[in-house]
Amino acid sequence: RLAQEVLAQLQQLLGRSETLRDFLQQELEAWQERQRRSCLGAPTDTQLRPLEAWFTQLGQGLFQLLQLLQALQDLRQKLTYERDPLKAETPLLERRLRELLSYLLRSAFVVEQQPCMPNAGKRPLVLRTGTKFSARARLLVRLHDRNHRMEATIHIDRLGEGKGSKGTAEVGTGLEQGARGQGGHGWWHHSALCVQGPLAVTEELHLITFTLAYAYRGLELELETSTLPFVIISNTNQLSSAWASILWLNMLSTDPRVSQDPPPPPPPPPP
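First residue of the sequence shown? That's 17 in our numbering, and the numbers climb one at a time after it.
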């Protein structure tokens, strides 16, 4: 009977945790929308500290539940009896808990700063070849094994099948981990773009993807997050056209990353 009560309480805690996860996902999506609007020039609050605190606290609770379930598994192996509820229920609860943790951690890996050149003013998401830019990813769950160095890698991709340029863009893979006050849970990328081939500014969009090897208390995951789509230019006189492409793309979709082949912006009105 005691085992059944413990299992019932665990199921109740998991249900509440899933409700809290759904709430955090809504808050995260609202933050991502504010960040997108901020990139377009809107004065919005894009602080991550409240979300980081909530994600970390939920993560701590879930890892404690995982530790308890593993202890119950060990107990079941040492002592069991006919119709033992631990034998049937514990593996199912652990699988459900690991899925919940995986979802939480994958959601918690976000792009804190979108790609931007140092002197871009209020126009991020437009990068010029040969000019340095920076981007930053951040893990909102501040939990990791100290003996496991979390390393992030990046790569750059085209968004969809661009009809214009056939050239390729390359960026370095050097990442600077940590920042003052972040405790090693942030990753800066500083680099300059090297592009081969001609550039069709209004027709080709790119993404930078951060990939992180995460490990904590026996749970190992590969986390991934991507920037908003950005445009690469080679001359400053292309800046206006590139910025128009960014504005047009964001007007068409609330999540530009899923847009595979956006139509070109409308032509300017006749004089």
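Don't be surprised by glycine CBs; every beta carbon is placed ideally from N, CA and C.
Who pairs with residue i in a beta bridge, going by DSSP?
i      : result
Leu143 : Ile248
His222 : Arg174 and Phe246
Thr227 : Thr169 and Glu240
Cys55  : Note: Cys55 sits in no beta bridge, so no partner.
Val126 : Arg154
Leu235 : Tyr232
I think residue i touches residue j, with their Cβ atoms under 8 angstroms apart; what is that distance to the nearest whole Å?
i      : j      : result
Ser123 : Gln41  : 6 angstroms
Thr225 : Ile170 : 7 angstroms
Arg165 : His222 : About 29 angstroms; that fails the 8 angstroms criterion.
Ser261 : Val247 : 5 angstroms
Leu113 : Leu64  : Between Leu64 and Leu113 the Cβ distance is about 25 angstroms, and since that is not below 8 angstroms, they are no contact.
Lys103 : Arg92  : 6 angstroms
Arg144 : Ser250 : 7 angstroms
Arg32  : Leu244 : Actually they do not touch by this definition, with Cβ atoms about 33 angstroms apart.
Leu81  : Leu26  : 7 angstroms
Considering Cα atoms alone, identify which of the options is closest to residue i.
i      : options                           : result
Val142 : Glu21, Arg165, Glu220 and Phe125  : Glu220
Ser118 : Gln86, Thr225, Arg144 and Glu34   : Glu34
Thr74  : Arg112, Gln25 and Leu30           : Note on residue identity: the sequence assigns Leu, not Thr, to residue 74. Per the Cα distances, Leu30.
Gln130 : Asn266, Arg144 and Ser150         : Ser150
Arg152 : Gly57, Pro140 and Glu115          : Pro140
Gln83  : Gly234, Pro134, Pro245 and Leu239 : Gly234
Leu265 : Gln25, Cys55, Arg32 and Glu43     : Cys55
Leu237 : Glu167, Asn251 and Met267         : Glu167
Asn163 : Leu239, Leu121 and Ala231         : Ala231
Lys148 : Cys132, Ala19 and His160          : Cys132
Leu121 : Gln20, Gln76, Leu81 and Leu239    : Leu239
Leu228 : Phe125, Ala58, Trp259 and Arg37   : Phe125
Leu88  : Ala24, Ala19 and Leu44            : Ala19
Leu85  : Thr60, Pro59, Val22 and Pro134    : Val22
Asp61  : Glu128, Asn135, His160 and Ile172 : Glu128
Leu76  : Gly146, Asp90, Asp161 and Asn135  : Going by the sequence as given, residue 76 is Gln instead of Leu. When each option's Cα is compared against that of Gln76, the closest is Asp161.
Asn135 : Thr252, Arg99 and Met267          : Thr252
Following a CB-centred definition, is residue i positioned closer than 8 angstroms to any heavy atom of the ligand MN?
i     : result
Gln25 : Summarising the ligand content, the structure contains no ligands, and the ligand MN is consequently not present.
Check whether the Cβ of residue i lies closer than 9 angstroms to any Cβ atom in chain B.
i      : result
Ser150 : In the structure shown, chain B does not exist; there is a single protein chain.
With contact counted as at least three CB pairs below 8 angstroms, one residue from each stretch, are the segment 56-72 and the segment 153-162 in contact?
Under the three-pair Cβ rule at 8 angstroms, the segment 56-72 counts as touching the segment 153-162.
Please confirm if the segment 47-56 is in contact with the segment 102-119, defined as three or more CB-CB distances below 8 angstroms between the two stretches.
No, the segment 47-56 does not touch the segment 102-119.
For a minimum of 4 consecutive residues, which ranges assigned as the alpha helix (DSSP H) are wholly contained in the segment 22-88?
Considered as a whole, the segment 22-88 harbours no complete run of any alpha helix (DSSP H) with no fewer than 4 residues.
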